[in-house]
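First the structure, in the form of structure tokens, and then the observations on it.
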Amino acid sequence: MGDPTSTKNPSTKGDHFVARREGVKKTYKATKMDDVVSTITGDALLAFRKKLYFPNDIVVNVPARSDRACSPPLGFVTVYEFSLRAGLMFPPSPELSDILTICGVSLAQLSYRAMSIIMGFIVLFRDRGAVLSPDYLSRMGCLISDIQGRISFRSKWLDIRTRDPSKSWISDFFYVKNDWNLLEKWGKLRELPISLHLGAEELLKILKFFDIDTLHYEIRYLSRYIDEEYLFKVGLSTQAGRSHAQMLKKSVKVLEAAIQSLKIPPKRPGSEDNVQAAKKKRVEEVLADTSKDPHISPSKSHIPEDVLKHQ
Numbered sequence: 001m002g003d004p005t006s007t008k009n010p011s012t013k014g015d016h017f018v019a020r021r022e023g024v025k026k027t028y029k030a031t032k033m034d035d036v037v038s039t040i041t042g043d044a045l046l047a048f049r050k051k052l053y054f055p056n057d058i059v060v061n062v063p064a065r066s067d068r069a070c071s072p073p074l075g076f077v078t079v080y081e082f083s084l085r086a087g088l089m090f091p092p093s094p095e096l097s098d099i100l101t102i103c104g105v106s107l108a109q110l111s112y113r114a115m116s117i118i119m120g121f122i123v124l125f126r127d128r129g130a131v132l133s134p135d136y137l138s139r140m141g142c143l144i145s146d147i148q149g150r151i152s153f154r155s156k157w158l159d160i161r162t163r164d165p166s167k168s169w170i171s172d173f174f175y176v177k178n179d180w181n182l183l184e185k186w187g188k189l190r191e192l193p194i195s196l197h198l199g200a201e202e203l204l205k206i207l208k209f210f211d212i213d214t215l216h217y218e219i220r221y222l223s224r225y226i227d228e229e230y231l232f233k234v235g236l237s238t239q240a241g242r243s244h245a246q247m248l249k250k251s252v253k254v255l256e257a258a259i260q261s262l263k264i265p266p267k268r269p270g271s272e273d274n275v276q277a278a279k280k281k282r283v284e285e286v287l288a289d290t291s292k293d294p295h296i297s298p299s300k301s302h303i304p305e306d307v308l309k310h311q
């Protein structure tokens, strides 16, 4: 048998194909956060305010080409566009601020999965009449960090399904004025405290669920809790509340208009007599005009009484 090694120029595509078949893996270099320039523009921020209910009173800055996500200007925090889609609202909820402070990380270090899960838990707990604490979050799972400081969420006993459709998230960042004493620079993740006494039964009691299957179901579809309606329901979104109220108000008006169109308008007292008098006056004016015409004799113009009464 001959030597299976190709004798072609190793720089050609064919040789790359052979090398990969023989088990030589192609290495990919991960994009570093310090190498990424923001692609956010002023027009994009206007779109965020309209589409994602970004408050108008929040001070935002568009990063310059020399700015980076992990090093925001003094007095500002970095915010990724996907964080707004993951349920982040301003001002940040006290639950989220406490978790970031205890973990020693900034807002921008949370990945879409981590942000959407934390915000989903915050809304779920509020919806059930409870408050998410770092202890409760640590019982649900744990936060993990990659080599660059990006933070995700992992759970061994909960099936949490999240998926960020955005592929260009790494360059979609901007700066927001830090009025909430959040950590601005990227920090090293500290583990959440683990409460050994807090088990599944305690969580069921806190969330008012009757069995563990119900809890599993709610958490499996946790992403629905970051929808506009739920954020408004638990008091995290006032913008959503106004838009939701307008929709309800509009539908009520349309319904009332439809009902009114089916009703016969009531007659005003004496309105019928006024209408008949006006019609009779108009007929007399027409007769007066015809009397001026020599070809028309008013004596021959007979108008029945029922016509005068418009019956």
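Residues in the sequence shown are numbered from 1 upward in steps of one, following UniProt numbering.
Where a beta carbon is used, it is the ideal one built from N, C-alpha and C, also for glycine.
All values derive from a computational prediction rather than experimental measurement.
Residues bridged to residue i (per DSSP)
i	result
Leu110	Ile151
Ser71	Arg68
Phe76	Lys177
Val60	Val176
Leu143	Phe153
Local Cβ density within 10 Å of residue i, reported as buried at 16 or more and exposed below that
i	result
Arg126	buried
Phe76	buried
Phe153	buried
Lys253	Low confidence applies here, because Lys253 scores a pLDDT of 39, under 50, leaving its location unreliable and the question unanswered by this model.
Gly42	exposed
Pro72	buried
Tyr217	exposed
Val131	exposed
Val176	buried
Ala47	exposed
Pro94	exposed
Ala277	exposed
Ser11	Because Ser11 sits at a pLDDT of 46, beneath the cut-off of 50, its placement in the model cannot be relied upon, and the following sentence gives the value as read from the coordinates. Ser11 comes out exposed.
Arg113	buried
Ile147	exposed
Ser168	exposed
Ala245	Note that Ala245 scores 38 on pLDDT, short of 50, meaning its location in the model is unreliable and no value can be drawn from it.
Leu117	Going by the sequence as given, residue 117 is Ile instead of Leu. It is buried - the Cβ of Ile117 has at least 16 other Cβ atoms within 10 Å.
For residue j and residue i, the rounded distance between their alpha carbons
i	j	result
Tyr225	Pro55	20 Å
Phe173	Trp180	19 Å
Gly104	Phe90	20 Å
Asn61	Thr78	10 Å
Ile170	Ser155	25 Å
Leu74	Glu81	20 Å
Cys142	Leu158	11 Å
Ser83	Ile58	16 Å
Tyr230	Glu201	25 Å
Cys70	Thr214	40 Å
Ile220	Ser237	In the sequence under discussion, the amino acid at residue 220 is Arg, which differs from the Ile named in the question. Their Cα atoms are separated by approximately 23 Å.
Met140	Leu52	28 Å
Gly187	Ile40	24 Å
Asp227	Asp211	25 Å
Leu204	Ser66	49 Å
Ser36	Arg68	The residue asked about is misnamed: residue 36 is Val in this sequence, not Ser. One C-alpha to the other measures close to 7 Å.
Lys233	Leu124	11 Å
Arg49	Leu198	40 Å
Ser38	Gly120	27 Å
Ile151	Lys185	14 Å
Ile206	Asn178	33 Å
Pro92	Gly149	21 Å
Ile194	Gly235	28 Å
Proximity test, residue i beta-carbon vs the ligand SAM heavy atom, cut-off 8 Å
i	result
Trp180	In the structure on display, the ligand SAM does not appear, and there are no ligands present to speak of.
8 Å contact criterion, which residue i and residue j should meet: CB distance rounded
i	j	result
Leu222	Ile160	6 Å
Leu192	Ile102	7 Å
Arg128	Lys208	5 Å
Leu182	Leu107	6 Å
Pro134	Ile99	6 Å
Leu96	Ser145	The Cβ separation is near 17 Å, so there is no contact.
Met115	Leu137	In fact, because the Cβ distance is near 13 Å, the residues do not count as touching under 8 Å.
If you scan the stretch 163-234 from start to end, which runs of the beta strand (DSSP E) of 3 or more residues do you find wholly inside it? For secondary structure counted as the beta strand (DSSP E) over 3 or more consecutive residues, the stretch 163-234 holds these complete runs in sequence order: 173-177.
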